[in-house]
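Enquirer:
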Amino acid sequence: MTQTRQLPQSTAPPGFISGSSLILLSFAAAFFPRIVQAVGIPAVINFAHFIVLPAACSLVILTSRRQDRRQMIIVKSILLGLLVLFAIATASALLNNAGLINVFLGLMIISEPFILLAALVAIPFTPDALTHLKKWVLGFGMGHLILALGQKVGLATGLLPHERMTIEDNVQGVFYLSSGGHVVGASASLAFGLYYYFSARAVPLWIRCSVLFAVIAQILFADAKQVILVALVSWVLLILSKITDLKVAFQYIIAAVLVGYAFYWCIYNVEVFSPYQTWIRPHIYGPDGDATLLKTGPLRIIPSFYTSVLNWPLGLGPGHTIGRIGGWMIKDYWSIVGPLGATIHPASEAVWETWQGHYLDSSFFAPLWGWAGIWGDLGFLGLASYISLWFITWTHVCKDDLSRFLVFNILVNGFIFTLMEEPGFTLTSIMLIGLRWHELRSEEHTSELQSPVPIS
Numbered sequence: 000m001t002q003t004r005q006l007p008q009s010t011a012p013p014g015f016i017s018g019s020s021l022i023l024l025s026f027a028a029a030f031f032p033r034i035v036q037a038v039g040i041p042a043v044i045n046f047a048h049f050i051v052l053p054a055a056c057s058l059v060i061l062t063s064r065r066q067d068r069r070q071m072i073i074v075k076s077i078l079l080g081l082l083v084l085f086a087i088a089t090a091s092a093l094l095n096n097a098g099l100i101n102v103f104l105g106l107m108i109i110s111e112p113f114i115l116l117a118a119l120v121a122i123p124f125t126p127d128a129l130t131h132l133k134k135w136v137l138g139f140g141m142g143h144l145i146l147a148l149g150q151k152v153g154l155a156t157g158l159l160p161h162e163r164m165t166i167e168d169n170v171q172g173v174f175y176l177s178s179g180g181h182v183v184g185a186s187a188s189l190a191f192g193l194y195y196y197f198s199a200r201a202v203p204l205w206i207r208c209s210v211l212f213a214v215i216a217q218i219l220f221a222d223a224k225q226v227i228l229v230a231l232v233s234w235v236l237l238i239l240s241k242i243t244d245l246k247v248a249f250q251y252i253i254a255a256v257l258v259g260y261a262f263y264w265c266i267y268n269v270e271v272f273s274p275y276q277t278w279i280r281p282h283i284y285g286p287d288g289d290a291t292l293l294k295t296g297p298l299r300i301i302p303s304f305y306t307s308v309l310n311w312p313l314g315l316g317p318g319h320t321i322g323r324i325g326g327w328m329i330k331d332y333w334s335i336v337g338p339l340g341a342t343i344h345p346a347s348e349a350v351w352e353t354w355q356g357h358y359l360d361s362s363f364f365a366p367l368w369g370w371a372g373i374w375g376d377l378g379f380l381g382l383a384s385y386i387s388l389w390f391i392t393w394t395h396v397c398k399d400d401l402s403r404f405l406v407f408n409i410l411v412n413g414f415i416f417t418l419m420e421e422p423g424f425t426l427t428s429i430m431l432i433g434l435r436w437h438e439l440r441s442e443e444h445t446s447e448l449q450s451p452v453p454i455s
């Protein structure tokens, strides 16, 4: 004779609701500043998340007491990795006379996802609280998707004027009127759409498929070609990572071949996919091809500015090369960061000059890309430290293929442009990975508690 264990009703510990709200506030601070700036708020709003997120998440980590052993191991591992990254960035700054604000911004732009993840993992979510946070996050994503599709309608009909960039480039959702916002917005929507499809199993299939269809429509309306390409590459990498499970890998391979062939057919037969033909030029990808030389330019240019053998392990200093801080933000917001002691380095401009006026003006071919930027700023030690944080995420937090795909999607983007350092995109993906970890962990716990046990 057996009986079924009942799942105990847990109550939230003191301060739990405020902790959950702080997580949501941290995410919102990085997700919405562009659209807030677009309605007239000063540009300094774009820096708010650099203060709000570490402060709020630190409070969450320090006040979350009910953690089991697995949670504690993950949080401590992430915090140790961040401490090592901080030490390397500080040493690099001292070696290269980088400004203090460079160190802060350079560290935060690559550390924020892991700070948020540590806070997410640290919270002992109850099922109701997890569902509540999930609804808010998905609400952000749905609002972003609806706004992007509405922008397309408004721009096409003339109801929404545009003075910058093309109509397609203005389909950005909450990242409205930002450079590259159409790619950021499409990438964030893809993460939301996939998460909703796989996690909202109680929702009818046709509704989940409709959301995915709307996401694909946004990607095509925004002419964000690289989003689909990165997703396909990430999918292939996911397949390769599962090669030890031959049955599952074989299923993925069949699906990938079918999707790949369908995509290739669409490029030459469906008008909306025709822009992808501009990338199919084999002669520019050879060892001496224009695309290859342009893309690998930083790997040759940055070392030419080394003045010490220590530059190899420590780089040229935070914000001094072609990451998001040195390549874009310090220049664009000099009126804000200049008085705070920001420093610039000629290596950044030297790389920029190779791209300015080049006929390959797409971000796909840009010599400013995430992995090169982290290596340029922090050297091989900084790069290794950053990779170790993703390794911790992969091994300890990613519990299913969706989470692993989202990680690959971030890492592959690091080879194209600076999207790997775009908070709106990376924090979206990390938030969804963290939610998925809690969901699957809760399902495992429920299954264990409800498993039949013998009665003596």
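Each residue of the sequence shown is one higher than the one before, starting from 0 at the first, in numbering that gives the first Met the number 0. Glycine is no exception: its CB is placed at the ideal position from the N, C-alpha and C atoms.
1. Among the residues of its own chain, which have a CB less than 8 Å from the CB of Ser387, if the five just before and after it don't count?
2. Buried or exposed: where does Met328 fall if 16 or more other Cβ atoms within 10 Å of its Cβ makes it buried?
3. If I'm right that Ala117 touches Ile60 with Cβ under 8 Å, what's the distance once you round it to whole angstroms?
4. Per DSSP, what kind of secondary structure is Trp205 in: helix, strand or coil?
5. Helix, strand or coil, according to DSSP, for Trp311 in the structure here?
6. Between which two residues does the alpha helix (DSSP H) harbouring Ala121 extend?
7. Where does Ile343 fall in DSSP's three states?
8. What is the DSSP secondary structure of Pro126, reduced to helix, strand or coil?
9. Can you check whether the CB of Ile100 is closer than 8 Å to the CB of Leu339?
10. Determine the closest residue to Thr291 out of Met164, Trp278, Gly179, with distance taken between C-alpha atoms.
11. Can you tell me which of the three DSSP states Gly356 falls into?
12. Given 8 Å as the limit, is there contact between the region 102-122 and the region 47-60, that is, 3 or more CB pairs closer than that?
13. In the DSSP assignment, find the unbroken alpha helix (DSSP H) run with Trp368 in it and report its ends.
14. Taking its Cβ as the centre, do 16 or more other Cβ atoms sit within 10 Å of Ala86, making it buried, or is it exposed?
15. Taking C-alpha atoms, which residue in Ala90, Ala371, Ala155 lies nearest to Phe414?
16. Does the separation of the CB atoms of Thr427 and Leu367 fall below 8 Å?
17. Would you identify the three-state DSSP class for Val38, choosing helix, strand or coil?
18. For Tyr333, report the span of its alpha helix (DSSP H) as first-last.
19. Leaving aside the five residues before and after Leu439 along the sequence, list all residues of the same chain whose C-beta is less than 7 Å from its C-beta, in chain order.
20. Tell me the residue span of the alpha helix (DSSP H) that contains Gln250.
21. What is the DSSP secondary structure of Phe15, reduced to helix, strand or coil?
22. Could you tell me which of Val202, Ser63, Asp222 sits nearest to Ile166, measuring between CA atoms?
23. Please confirm if the region 160-178 is in contact with the region 29-37, defined as three or more CB-CB distances below 8 Å between the two stretches.
24. Which stretch, first to last residue, makes up the alpha helix (DSSP H) that contains Arg68?
25. Helix, strand or coil, according to DSSP, for Val416 in the structure here?
26. Looking at the unbroken alpha helix (DSSP H) that takes in Cys56, where does it start and where does it end?
27. Taking the alpha carbon of Glu162 as the point to measure from, which residue in Leu176, Met430, Ala27, Thr156 has its own alpha carbon closest?
28. With 16 other CB atoms within 10 Å as the buried threshold, where does Ile218 fall?
29. So, Ile122 versus Ser57, is the Cβ gap smaller than 8 Å?
30. Look at the alpha carbon of Phe379 and the alpha carbon of Ile343, and state the distance between them as a whole number of angstroms.
31. Once the 5 residues before and after Phe407 are set aside, which same chain residues still bring their CB inside 7 Å of it?
32. Tell me which residues share the same chain as Val336 and place their Cβ nearer than 8 Å to its Cβ, disregarding the 5 neighbours each side in the sequence.
33. Is the CB-CB distance between Trp135 and Leu23 below 8 Å?
34. Cα separation between Phe30 and Gly423?
35. Helix, strand or coil: which one does DSSP assign to Tyr494?
36. When burial is assigned at 16 or more other CB atoms within 10 Å of the CB, is Val411 buried or exposed?
Expert: Result, derived from the coordinates:
1. In the sequence shown, the residue the question calls residue 387 occupies position 388. The residues are Gly80, Val83.
2. For the purposes of this step, residue 328 is taken as the residue at position 329 of the sequence shown. By the neighbour-count rule (16 or more Cβ atoms within 10 Å), Met328 is buried.
3. Residue mapping note: residue 117 aligns to position 118 of the sequence shown, counting from 1. Residue mapping note: residue 60 aligns to position 61 of the sequence shown, counting from 1. Sure, about 6 Å apart at Cβ, within 8 Å.
4. Taking the sequence shown and counting its residues from 1, the one referred to as residue 205 is at position 206. In the structure shown, Trp205 sits in a helix (DSSP, three-state: H, G or I).
5. Along the sequence shown, one-based indexing puts residue 311 at 312. Helix, per DSSP.
6. In the sequence shown, counting from the first residue as 1, residue 121 sits at position 122. Note, Ala121: alpha helix (DSSP H), 99-121.
7. Mapped onto the sequence shown, residue 343 falls at position 344. Coil at Ile343, not helix or strand.
8. As a first step, residue 126 is located in the sequence shown; it is residue number 127 there, counting from the start. DSSP places Pro126 in helix when its eight states are reduced to three.
9. For the purposes of this step, residue 339 is taken as the residue at position 340 of the sequence shown. For the purposes of this step, residue 100 is taken as the residue at position 101 of the sequence shown. Cβ atoms of Leu339 and Ile100: closer than 8 Å.
10. By 1-based counting over the sequence shown, the position of residue 291 is 292. The residue with the shortest Cα to Cα distance from Thr291 is Trp278.
11. Position 357 of the sequence shown, counted from the first residue, corresponds to residue 356. Gly356: coil per DSSP, three-state reduction.
12. yes
13. Here residue 368 corresponds to residue number 369 of the sequence shown, with the count starting at 1. Unbroken run through Trp368: none, as it is neither H nor E.
14. By 1-based counting over the sequence shown, the position of residue 86 is 87. Ala86 should be labelled exposed.
15. Within the sequence shown, residue 414 is the residue found at index 415, counting from 1. That would be Ala371, whose Cα lies nearest to the Cα of Phe414.
16. Locating residue 427 in the sequence shown gives position 428, counting from the first residue. Locating residue 367 in the sequence shown gives position 368, counting from the first residue. No, these two residues do not count as a Cβ contact at 8 Å.
17. Locating residue 38 in the sequence shown gives position 39, counting from the first residue. Val38 falls in the coil class under three-state DSSP.
18. One-based indexing of the sequence shown puts residue 333 at position 334. As written in the sequence, residue 333 is Trp, which differs from the Tyr given in the question. Counting along the chain, the alpha helix (DSSP H) containing Trp333 begins and ends at 333-336.
19. What you label residue 439 is simply residue 440 of the sequence shown in a count that begins at 1. Around Leu439: Lys398, Asp399.
20. Residue mapping note: residue 250 aligns to position 251 of the sequence shown, counting from 1. Residues 245-268.
21. The residue given as residue 15 occupies position 16 in the sequence shown. Here Phe15 scores only 43 on pLDDT, less than 50, and its place in the model should not be relied on; the value that follows carries that caveat. It is helical.
22. Position 167 of the sequence shown holds residue 166. For Ile166, the nearest C-alpha among the options comes from Asp222.
23. yes
24. Working through the sequence shown from its first residue, we reach residue 68 at position 69. It spans 68-95 - the alpha helix (DSSP H) in which Arg68 sits, taken as one unbroken run.
25. Indexing the sequence shown from 1 puts residue 416 at position 417. Reading off the sequence shown, one finds Phe at residue 416, where the question assumed Val. Here Phe416 sits in coil by DSSP.
26. Here residue 56 corresponds to residue number 57 of the sequence shown, with the count starting at 1. Cys56 -> alpha helix (DSSP H) spans 47-62.
27. For the purposes of this step, residue 162 is taken as the residue at position 163 of the sequence shown. Nearest C-alpha to Glu162: Leu176.
28. Reading the sequence shown from its first residue, position 219 is the one you call residue 218. Classification of Ile218: buried, given that the 10 Å Cβ count is 16 or more.
29. Position 123 of the sequence shown, counted from the first residue, corresponds to residue 122. Position 58 of the sequence shown, counted from the first residue, corresponds to residue 57. Not a contact, by the Cβ cut-off of 8 Å.
30. In the sequence shown, the residue the question calls residue 379 occupies position 380. In the sequence shown, the residue the question calls residue 343 occupies position 344. Those two C-alpha atoms are separated by around 21 Å.
31. In the sequence shown, the residue the question calls residue 407 occupies position 408. Within the same chain, Phe407 has close Cβ partners Ser233, Leu236, Leu237.
32. Position 337 of the sequence shown, counted from the first residue, corresponds to residue 336. Excluding positions up to five away in sequence, the list reads Ile100, Leu104, Met328, Ile329.
33. Position 136 of the sequence shown, counted from the first residue, corresponds to residue 135. Position 24 of the sequence shown, counted from the first residue, corresponds to residue 23. Yes, Cβ-Cβ distance for Trp135 and Leu23 is below 8 Å.
34. Position 31 of the sequence shown holds residue 30. Position 424 of the sequence shown holds residue 423. Looking at the two C-alpha atoms, the distance is approximately 5 Å.
35. Because the chain spans 0 through 455 in this model, residue 494 falls outside it and cannot be assessed.
36. Translated into the one-based positions of the sequence shown, residue 411 becomes position 412. Counting Cβ neighbours within 10 Å, Val411 comes out buried, since at least 16 surround it.
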